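A.B. asks: Handing you a structure now.
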Amino acid sequence: MTVMAARWDDLRFVLALARHGTLTAAAASLGVTQPTVGRRLAALERRMRTPLFERTPTGYRPSEAGQELAIHAARIEELMVAAERISS
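Take 428 as the starting number for the sequence shown in this note's numbering and just add one per residue.
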């Protein structure tokens, strides 16, 4: 993976899907459409050259790489929230 393969905006989509398990629920949490989540996930998986989620009949389950990325994304989210608090 290149250093810039995943930006914060991409990671928000990974984190939402890992938390909610479906494109529809992830989209609702992000305020975007379900196809947008699907496209963003597919583009990130292509750039990273690895599947981040397993598609199941009931939704999406993070792969090993997806789990690891979601853990890092949650940490970044915490830092972004802290930075917003400091700046306001």
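Cβ coordinates follow ideal geometry from the N, Cα and C atoms, glycine included. Quantities reported herein were computed from a predicted structural model and do not represent experimental measurements.
With a 10 Å radius around its C-beta and 16 neighbouring C-beta atoms as the bar for buried, classify residue 538 as buried or exposed.
C.D. replies: Since the first residue of the chain shown is 428 and the last is 515, residue 538 is not available in this structure.
A.B. asks: In whole angstroms, what separates the C-alpha of residue 493 from that of residue 476?
C.D. replies: Start at 1 with the first residue of the sequence shown, and residue 493 comes out as number 66. Start at 1 with the first residue of the sequence shown, and residue 476 comes out as number 49. If you take the alpha carbons of residue 493 and residue 476, they lie about 12 angstroms apart.
A.B. asks: In chain order, what residues of the same chain have a beta carbon less than 8 angstroms from the beta carbon of residue 501, not counting five sequence neighbours either side?
C.D. replies: Looking up residue 501 in the sequence shown gives position 74. Contacts found: 442.
A.B. asks: With burial defined as no fewer than 16 other Cβ atoms inside 10 Å of the residue's Cβ, what is the status of residue 469: buried or exposed?
C.D. replies: Stepping through the sequence shown from its first residue, residue 469 is reached at position 42. By the 10 Å Cβ count, residue 469 comes out exposed.
A.B. asks: With distances taken from CA atoms, which of 484, 479, 434 is nearest residue 490?
C.D. replies: Position 63 of the sequence shown, counted from the start, is the residue given in the question as residue 490. Comparing Cα positions, the closest option is 479.
A.B. asks: Using the beta-carbon count (16 or more within 10 Å), is residue 506 buried or exposed?
C.D. replies: On the sequence shown, position 79 is the one that residue 506 refers to. Exposed is the call here.
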